[in-house]
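For the sequence shown, the numbering used here gives the first residue as -12, with consecutive numbering after it. The structure appears right after this line, and notes come after that.
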Amino acid sequence: MYLNLAKEEDEKMADSWKADADGILVFTGLFSAAVAALVAVSIQDLRPSSQDTSAFYLQNIYQLIASGNISQLPNIPSSLAIPPAFSPPKYAIWVNSLWFLSLVISITCGLLATLLQQWARRYVKGTQPRYSPHKRARIRAFFAEGVDSLHLPWAVEALPTMLHLSLFLFFAGLVIFLFNVHHTVFTVVSCWVGFCTGVYGCITLMPLFRNDSPYYAPLSSTTWYFVTGISFLLFRILPWPAYYCMGHDAVERFRELKEHYRRLFLNGMGKAAEETALKLGSEIDGRALIWTLDSLDEDRELEQFLAGIPGFFRSTVVKKPEDAFTTTGGKKMSDTLFGLMRRTWSSSLIHESVKQRRIVICKEVMGAAYLPISWDIIRFAFEGERHGLTLSGLVGFGLLLKKTTYDNRIIAHHSKWMVSKIIAGPQEQDDRWFELATAQLGISRSTIEDYLANENNMPLANLVHVTLALTFIGFHPRQDPFLNSFPPNSTYKVPFLDYNMTFVIFGIKSFKKRYMPNIVSSN
């Protein structure tokens, strides 16, 4: 196990080093070429030019000619015949100093990046010799401890820092150079350099304020240690004067802050981000599950995913797993689950054992996850036969509806009606049908078998159950968004009597015609 974990970790670290080195080599090659081209121009300002000497002598000749009679040459002081000593302008000294320093640092980064690639190859080769597992483990531990003790990760982090330093030195020299060339160009370039510097500063400081920030700069870690270290020292000193000014409570608060910043300083930025993530609520777990759900497009993968949901809700690691799914996430999970069942029970190509396995999985999910149910699912259940859903599939849907936790009262009642319709349908009364009927009516299987012995008892029990449910909730059908969504002449739109004990609900009309022509009178 140690060797497997070590191999994975070593390969990941070596690949990271190689990727950093490749990026640095590409950048340094292009950057060094650009700096060298500008240095070739600016270096001319650091040494005397033959053109300046020629101009000096031409100026003296012109003065002699302009003085009058050229045949009567005055006595020319010897000092005028010698050009003044060359002194380069200060701006040229600064520009060339910054640009040459930038060029040297950039080339040094390229050299170190090449060495880093060699170090990575040597480390991988040294930690994976052809020996017995015991010897390999010892050799790997030896090299790994050498990497930590010699602070090689710090050296790797220093390379991008040096490269960024080289870039900012170049920008500084460029601004000085343009200031002495043309003010308009200087203004435009300075604005852009200032903007980039501000953005870079924000990127550097962002991990200090947001632990989940993907933005990071080489100086972010240094800034983290500087800020947390200063804060630790500050709150280590403050408790003594705070005791005399603000009392004992302030001292305790400052001590807590001191320990907090001490822990942040010792753990570093990476550990702080991990601790923040582990302290979050279960909503982030729900978002991760929904992201996984959106990534799946095969029913086999969905089945495997849904099979793990009950275990997630039984987990003692996740705090309040019932909060993992928000309204949107829970609806998406519910729609996906019922979509899987719809495709499963509507298909004649899926084996019966697979159908039974999926219905068991979906029942467990609905019982554990407290998923909501939408109007679209209820509508599909009502029109299931039109969509090719078999009678066995309707029973499966009914079992899922009984496992659902409803946050909408009207949807809950429609679910009851749907289950009543399924129970009354013409089909074989197998174990799954009895499971659904007992869950719906709240009576034992033996009682249902007695009802089935008489043609009218079972439909009557079904009718009484739904009617009593409507009676106790005071349901007003004219406010029902589901029934009102059907066309006026639809067979699914059945009239109600407002707050009357005589209800005509969906499914009961068929009960009367088929099972109870002499028991319940027609309205």
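Where is the CB? At the ideal position from N, CA and C, for every residue including glycine. Keep in mind that this is a model prediction, so the values were computed, not measured.
Item	Value
Could you tell me the distance, in whole angstroms, from the CA atom of residue 106 to the CA atom of residue 112?	10 Å
Taking three-plus beta-carbon pairs below 8 Å as touching, is the stretch 76 to 90 in contact with the stretch 120 to 134?	no
Just to confirm the assignment, what range does the alpha helix (DSSP H) spanning residue 153 have?	139 to 166
Let me know the secondary structure DSSP gives residue 338 once reduced to three states.	coil
Can you tell me whether residue 291 is buried or exposed? The criterion is at least 16 other CB atoms within 10 Å of its CB, across all chains shown.	exposed
May I ask which residues mark the beginning and end of the alpha helix (DSSP H) holding residue 285?	No alpha helix (DSSP H) holds residue 285; DSSP gives it neither H nor E.
Are the CB atoms of residue 325 and residue 387 nearer to each other than 8 Å?	yes
Output the distance between the C-alpha atoms of residue 184 and residue 149, rounded to the nearest integer angstrom.	16 Å
Compare the C-alpha of residue 453 against each of 436, 440 and 424 and name the closest.	424
Do you know offhand how far residue 455's Cα is from residue 350's?	26 Å
Using the Cα positions of residue 143 and residue 301, report the straight-line distance between them to the nearest angstrom.	44 Å
Where does residue 6 land, buried or exposed, given buried means 16+ other C-beta within 10 angstroms?	exposed
How close, in whole Å, do the beta carbons of residue 172 and residue 161 come, if the pair is a contact with beta carbons under 8 Å?	With a Cβ gap of about 10 Å, residue 172 and residue 161 do not count as contacting.
Could you give the distance in angstroms between the alpha-carbon of residue 223 and the alpha-carbon of residue 256?	21 Å
So the alpha helix (DSSP H) residue -6 belongs to, where does it begin and stop?	-11 to 29
Taking the alpha-carbon positions, what's the residue 146 to residue 136 distance?	19 Å
For residue 254, which of helix, strand or coil comes out of DSSP?	helix
Under the three-state reduction of DSSP, which class applies to residue 83: helix, strand or coil?	helix
Please state if the CB of residue 219 and the CB of residue 249 are separated by a distance shorter than 8 Å.	yes
Can residue 451 and residue 427 be called in contact, C-beta distance under 8 Å?	no
Check whether the Cβ atoms of residue 316 and residue 271 lie closer than 8 Å to each other.	no
Just the Cα atoms here: how many angstroms apart are residue 330 and residue 408?	21 Å
Taking only three categories from DSSP, how would you classify residue 116?	coil
Are the beta-carbon atoms belonging to residue 297 and residue 260 less than 8 Å from one another?	no
Let's test the definition: count the other Cβ atoms within 10 Å of the Cβ of residue 133 and tell me whether it reaches 16, buried, or not, exposed.	exposed
Have a look at residue 385 and residue 320 and give me their C-alpha separation to the nearest angstrom.	18 Å
Excluding sequence positions up to five away, which residues of its chain have a Cβ less than 8 Å from the Cβ of residue 263?	198 and 199
Please return the same chain residues whose Cβ sits closer than 6 Å to the Cβ of residue 346, not counting the five positions on each side in sequence.	383
Report buried or exposed for residue 24, applying the criterion of at least 16 other Cβ atoms within 10 angstroms of its Cβ.	exposed
By the 10 Å Cβ neighbour count, where 16 or more other Cβ atoms means buried, how is residue 186 classified, buried or exposed?	exposed
Would you mind sorting residue 202 into buried or exposed? The rule is 16 or more other CB atoms within 10 Å of its CB.	exposed
State the CB to CB distance for the pair residue 282 and residue 305, rounded to an integer number of angstroms; the pair is presumed to be in contact (CB under 8 Å).	Not quite, the Cβ-Cβ distance comes to about 20 Å (not below 8 Å), so this is no contact.
Taking the straight line between their C-alpha atoms, what separation do you get for residue 1 and residue 89?	28 Å
In terms of residues, what are the limits of the alpha helix (DSSP H) holding residue 426?	418 to 428
Straight-line CA distance for residue 167 to residue 26?	16 Å
Taking the alpha-carbon positions, what's the residue 152 to residue 179 distance?	18 Å
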